[in-house]
Each structure stands twice: as structure tokens, then as C-alpha cells.
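These protein sequence lines map, in sequence, to chains F and S. Just so we're aligned, residue 1 is where the first sequence starts under my numbering, counting upward by one. Just so we're aligned, residue 331 is where the second sequence starts under my numbering, counting upward by one. Don't be surprised by glycine CBs; every beta carbon is placed ideally from N, CA and C. Here the structure is a predicted model, which is why all the values come from computation and not from measurement. Down below is the structure, laid out as C-alpha cells.
Number of protein chains: 2
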Amino acid sequence: MSSTPDIVPQLLALDWGTSSLRAFLMHDGQVIDTRHSAHGIQHLPLPGRAGFEQAFAAIAGDWVRHWPQLPVVASGMVGSAQGWREAPYVRCPATVKALAEQNTTVASGLGQEILIAPGVLYDEPGELPDVMRGEEIQIAGALLQNPQWSERSCILLPGTHSKWVQIEDGKIVRFATYLTGELFAVLSAHSILGRLLPAASEVKGGTDVAAFELGLANARRSGPGELSHQLFGTRTLGLTGRLAPAALADYLSGLLIGHELVSGLSGAGNELAAVPLVMIGEPSLCQRYVRSLEYMDQAVSAVLDNTAPVGLWNFAGAARLLARSTPGTE
Amino acid sequence: MSSTPDIVPQLLALDWGTSSLRAFLMHDGQVIDTRHSAHGIQHLPLPGRAGFEQAFAAIAGDWVRHWPQLPVVASGMVGSAQGWREAPYVRCPATVKALAEQNTTVASGLGQEILIAPGVLYDEPGELPDVMRGEEIQIAGALLQNPQWSERSCILLPGTHSKWVQIEDGKIVRFATYLTGELFAVLSAHSILGRLLPAASEVKGGTDVAAFELGLANARRSGPGELSHQLFGTRTLGLTGRLAPAALADYLSGLLIGHELVSGLSGAGNELAAVPLVMIGEPSLCQRYVRSLEYMDQAVSAVLDNTAPVGLWNFAGAARLLARSTPGTE
């Protein structure tokens, strides 16, 4: 989006993850300018605190010099123990208001204080604990734009660490993380399964639908504990010539996504026949999931691209940083 | 075992895997001398055929010069597509006789022919294919020593690629591979789960039994598809302080072994209440599995250490290489 200097911005919002940093100038809940840098928290220009300061100055230094009163908020891994300053987790059930009340601030080095959003913790006795950091803000954005999902919905954020999140009465009440994307990456790069896979650069054309659906089908019919056997199938389907080398990555992808869906769809309380299933994420990955959910006879109510800017607007409003302008929803 | 020069050997048996090479001088089914080298097929002293010849000459050159008529047999990855010469798979149901009839030979460079055992393929329509190479010879050894297991048994070979093998009427009728050991290694070394694990050298003492059993318990209660969520628990149990860093690897180990057992024990046709469950493998790993099987209320009939030498004796007998001496069992 190009700069629109006739509108005075009301918020500088930072979506600061592991591998990238995005900065949004916002007015009235809308993004009026966007910048992107590769300075994710694991790719800073300098080690430690100075790296965060320099990355912030590089992406937004001119903005904050031009509008020195502009409030600044940030979400994502920037608030982790490895981030600029740790913003401790808020426990479920978690609202935007709770996130705003438990914020953490850090001085930017340019004079501004940056309000960092906390992550969310699910931690109930007898169950596996779970954590998110960044997704809670994307969810806050989706719910601000679509209040009808606040009462009851399931929000799926596919990715390296896919999240299945249950929303009730505007609260994150429960969620589960699946290691799907990371399993695919690690097994492709470092396990015996990767040895038969051609390099990504050698694979032409799109998804091999038959191979992808064979992975989904094996997931759908799997019993407990079968994943590690079915993973070995990535090798044996190649060795026996049942799948061509170029198709094996799609089998592996279908198998891993399929296992996530089988578990996610059966998750206690999801009751997905009755509540909307909403996806937030990178469009081509979401399309892969939509196709997979259709294969599992599950409809998707909506697919949203990055809702982090609107979520940060919502968070800033709940923290009363927008008090003199259009308020966010608390 | 020290050399016993007063006994004339009848067989030179090679157990030649990916990462190591073992050579056994045998007489009357007994090992009379053993040597070990690091020249597994991925660690040869030279690339290609010359590497195999040199590794063979280094470990057994003096033996074959001293007993030039000594028959030589080999099993394991030496017969794979990346081996000295490919020994194509025998299909299930597979007997030692079938392995012997479909052997492959290679000239050693020292004058001897080496008889290489084929692997075994399970490949039925509508099911995932599966392969083994090396385990079939270990099984041939176990069945020669314990003929009572030939009629019906389940043989479990835990490891990097664990095998669950069903035996009926002396045949390998069906088997399934689980990627358990490799998943543990790859996730520990290359995934986010490994970041909270202390280096192995920093961990003192034995297994953290409570953490290991928490992994087993989660596996036992898991529904289909849940592994990748439960894997993320390795991280969240550490982040929340529910498990100490030194215990996380044991949780991960228990979880992965547990998932293998849940699936293996429910495998179609295993009917483990009625047939003996026999384990073959490295003793400390077998102990970990025995403990896990007990946790799942499954008794183990026997635990055997390396049965490859006896298996190679059985194979050589079936191939009539021991015709002038004590025969093996066909």
C-alpha cells in the first residue's frame, strides 16, 4: 500500500515474528502504509537489545520522528523470552481486554514506548499445556471485523505450528497446537524420507492431487499411533514405484495435514457441525487446508489473510492508546 | 570371542549395515571369532565398489587367505541399491529357503564369491507397502534357535526403524515399520522441540521414569492424529515448568515408543494374547521397550541380542553352502 500523507496516522503496529518484521501505519482501523523487513527476532542486525532497537529504527525511524506522539504496539515472538522484552502469557479464558491489561512495555531507544502484547497459555490439570504468541492478536483482528464469530467459533491458523482455537463469548477458551508444518520441513530436510524427494527446485507443476489425497486417505483411516508407520510409507511408496519421486512430498503433506485434521475435527467441544470454522493464514496454505477439509466433509465458513494489523488496532484500543480517536472494541 | 585356531571354520558371515560391519567366523552354528569395523556402507574407506572390496579385505583378508574355500555370506544394507550389489526383495510370505533361492552373488576381489541375502517386501493392494533388509536374517536366526516360535509369533525389532513382524508357519507373512528412533533423533536435533533439551552430555543419571511414563500415558490415551499435538507438549511441558529440561527427552522417548506400541499392539492379526511376542535388539533399548510394553499390560516372551550370525548360518545352510558340514535348517 502506498503512503497517503494526507491522513494522520493514529497507530504504529508491529507484527514481529521469528523470521520477519512487518510495520503498519494505521488510521481508523485501516492500514495506510506498510513496510516489511527480514529482521525477525532470529535474524536481527545485531545481537541482543541493540538488534531490536536498530531493527525498529530501520523500519520505522522516519515515521516516529515525523509523528513523535504516535502510539506503538507490537505482537509476536518479540514478546517471548528470546524477544525484546518478555510479555508473560495470559491464561485461558483470554479476552483482548486481558491482553491489554497484562501488556509489557519497552523503551524503543527513539523515545517511544512500545506496548508488547502477551501470548496466551492453556494450562489445565491433567491435560497438556499449550501456548500461542502472535495468533491471539490475529484472532483479535478476526473477531473485531466479524463480531458474529465471537459468540462461538473454531479458528484454525495453519502453519509451522498450526493452532486450533475455540472461541466462546469473545474469549479464547481452549486451543491445541499441531507441529504439522515443522514436521514436514524437518522430515523432508533431515530424515530418510527426504532422500527420495527431489529438490523443490526440480519439481515442476502443482500439487499431485492423487498423492496428496492418498496421504489424506491414510490419515482418515488411521488408528491411534499409526503416524510413524504411515510416514515410512513416504519411502516405501517411492521404493516400490507406486508414487513417482515428484509426488512423494505431496503424499507426506497430505498425510501430515490429514492427521492434524482428524485430531482437530474430533477435538472435544469443537462441535463443528454447530459452529463456524474460520481459517486465518497464508492464502496458498489455507487453500491446501480448505481442500483437505472438504475431503474430510468439513465446510469452512471463511478464509482470512493476515488479520494482525486489525488485531493490533483492537489491542491498542483495549489498552486505551486510541482514546482520542476512533476506539477499538474491547 | 577370542580366536580358537583348533576349530576349522565353516562359514564367514558378514552383518553389513549402514553404519557398521561385523564379521563372524562360524562352526557348527557357533561364532568362533568376531571382528567389527566402522565401514558401514555409508562409511566406506573409498567410494563405490572399491570401497566395499577394501573394507572386506581389511576385516577378513587374512581369514580368506588362510581358508580360501570358506563360504562367505552377507546381509543388511550391503544388498541395497546403495550397497555392493543389489539383492532384490523377496515378497511376503517369505521363508529362509526363498531368501536363499533368490540370493545375489558378488566377486570379492580376493577370489571369493559373497552370497548376499535379499531383503523382504510386503506389498498388498490397498495397503502401504513395507520393506526390511537385515531384519529377515535376524529373524531367521531367532527361529533357528527357537523353532517353537515358527508356527506363530510376533517379532519386534526396535530401533531407528522399528519392525513389527508376524510369523506364521515359518514365514514372514506381514510386517510394519515405525520411524520411532529416527523421529526421536531428527526432532531432538533439528526441531523446536530440541531447543529446550539439554545436550546429552549434560544429562546425568538414568531415565526420568515419571516423564517417560507421562509420554507413555499420553500415547495410550491418544486418539487418531494426535501425535503432532502431543509432540508439541515436549515444548510446553518445559515452558510451563511441569517437566525439568533434563526430563523432556524421556517424555519425547516415551511418547514416541508409546505411539508405536499402541499401533503395533492393535495391528490386525497380531492377536498378541495368543502368540508369543519376541524382541530382538540392542539390550538397553529392548529394556526400554519391555518396560513400555509392561506399562501397556503386554508381556514379552523373550528378549534376544543380535541373532544375525545364527541367521546367516541358517541362510547359508538353506543355500547349501554348508553341505559338507552341519546343515542349517531350511
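Quick check on A646/S: does DSSP put it in helix, strand or coil? helix
When burial is assigned at 16 or more other CB atoms within 10 Å of the CB, is D580/S buried or exposed? buried
Determine which residues of the stretch 53-80 of chain F have a Cβ less than 7 angstroms from any Cβ of chain A, and write them out in chain order. Judged by its chain identifiers, the structure shown contains no chain A, and its protein chains are F and S.
Measure the beta-carbon distance from F315/F to A100/F and round it to whole angstroms, keeping in mind my assumption that it falls under 8 angstroms. 6 angstroms
Going by alpha carbons, who is nearest to Q360/S out of R621/S, M626/S and P639/S? P639/S
At a CB-CB cut-off below 7 angstroms, which residues of chain F make contact with E556/S? S263
List the residues of chain F that I587/S touches, going by C-beta distances under 7 angstroms, in chain order. The premise fails here: I587/S is roughly 10 angstroms from chain F at the closest Cβ pair, so nothing lies under 7 angstroms.
Only counting runs of 3 or more residues, tell me where the beta strand (DSSP E) segments fall wholly within the stretch 539-615 of chain S, in order along the chain. 607-610
Between the alpha carbons of I59/F and E124/F, how many angstroms are there, rounded? 40 angstroms
Cβ separation of S222/F and G568/S, assumed to be a contact under 8 angstroms, to the nearest whole Å: Wrong, their Cβ atoms sit about 28 angstroms apart, outside the cutoff.
Outcome for P118/F when other beta-carbon atoms lying within 10 angstroms are tallied against a minimum of 16: buried
Anything in the stretch 500-525 of chain S with a Cβ closer than 9 angstroms to a Cβ of chain F? List those residues in chain order, please. A506, T507, Y508, L509, T510, E512, L513, A515, V516, L517, A519, H520, S521, I522 and L523
Check distances from the C-beta atoms of the stretch 205-216 of chain F to those of chain S and list, in chain order, the residues that come in under 7 angstroms. none
Which complete alpha helix (DSSP H) runs does the stretch 445-496 of chain S hold, if anything under 4 residues is left out? 465-475
Taking DSSP's pairing of strands, which residues face W16/F in a bridge? L21/F
Minimum Cβ-Cβ distance from G599/S to chain F less than 8 angstroms: Caution applies to G599/S, whose pLDDT of 48 falls short of 50 and renders its modelled position unreliable; the value that the coordinates give is listed next. Chain F contact via Cβ: absent.
Distance between T236/F and Q496/S (C-alpha atoms, nearest Å): 19 angstroms
P68/F and G111/F closer than 8 angstroms at C-beta: yes
Backbone secondary structure at R174/F - three-state DSSP: strand
If you draw a straight line from the alpha carbon of H559/S to that of K534/S, how long is it in whole angstroms? 28 angstroms
Could you check whether the Cβ of W16/F sits closer than 8 angstroms to any Cβ belonging to chain S? no
Going by C-alpha distance, which of E465/S, L582/S and Q475/S is nearest F505/S? E465/S
Quick check: is the beta carbon of D130/F nearer than 8 angstroms to any beta carbon in chain S? yes
Tell me whether the stretch 399-409 of chain S and the stretch 342-354 of chain S touch, counting them as touching only if at least three CB pairs, one residue from each stretch, are closer than 8 angstroms. yes
How would you label D538/S, buried or exposed, when you count the other beta carbons within 10 angstroms and need 16 or more for buried? buried
When DSSP builds the beta bridges, which residues end up paired with Q360/S? H357/S
Measure the Cβ-Cβ separation of G311/F and I137/F and say whether it is below 8 angstroms. yes
For T104/F, which of helix, strand or coil comes out of DSSP? strand
So that I know if they touch, is there some Cβ in chain S lying closer than 8 angstroms to that of T104/F? no
If you run the structure through DSSP and keep just helix, strand and coil, what is S631/S? coil
Can you give me the C-alpha to C-alpha distance between W479/S and T160/F, rounded to a whole angstrom? 46 angstroms
I want to see whether chain F comes within less than 8 angstroms of L567/S, judged by CB atoms only; does it? yes
Are the C-beta of Q230/F and some C-beta of chain S separated by less than 8 angstroms? yes
Integer Cβ distance of L591/S from V608/S, believed to fall under 8 angstroms: Actually they are not in contact, since the Cβ atoms of L591/S and V608/S sit about 15 angstroms apart, beyond 8 angstroms.
For R65/F, which three-state DSSP category applies? helix
Kindly identify the DSSP beta-bridge partner or partners of V366/S. The sequence as given places His at residue 366/S; Val does not occur at that position. According to DSSP, H366/S bridges with R352/S.
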